[in-house]
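Here the working numbering is used: the first residue of the sequence shown is 1496, the next is one more, and so on.
Glycine included, every Cβ here is placed at the ideal spot set by N, Cα and C.
Note that the structure is a prediction, hence the values are computed from the model and not measured.
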Amino acid sequence: MIRKLLNRLRKHKYPNRFLKFYHLNKKRLNNERRSLYDEKRKKGICVRCNDKAVSGIVFCSYHQKKQKKYNRIARS
Ligand SMILES: [Zn+2]
């Protein structure tokens, strides 16, 4: 009985239950993430924090600066 159970666990393709959860729910998780992003963008709220975003972009001035720095490092 216990051996059968262990065999079943070993055959499982996910290394842990967090990955399993992610794989089984990634479609829904990604959709939720995307709709939250869209909602914030429409409302003019920074997508990183909840401050007011600079008009035309999705970040507040603080996160705009951070993003610029990140892009510079990524491109160099
Ligand atoms: Zn921000």
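Residue i beta carbon near ligand 1 (any heavy atom closer than 7 Å)
| i | result |
| --- | --- |
| HIS1518 | no |
| ARG1543 | yes |
| TYR1557 | yes |
| PHE1513 | no |
Bounding residues of the alpha helix (DSSP H) (the contiguous stretch that carries residue i)
| i | result |
| --- | --- |
| ALA1569 | 1556-1570 |
| LYS1547 | Premise fails: LYS1547 is in no alpha helix (DSSP H) and is neither H nor E. |
Identified DSSP bridge partners for residue i
| i | result |
| --- | --- |
| ILE1540 | LYS1547 |
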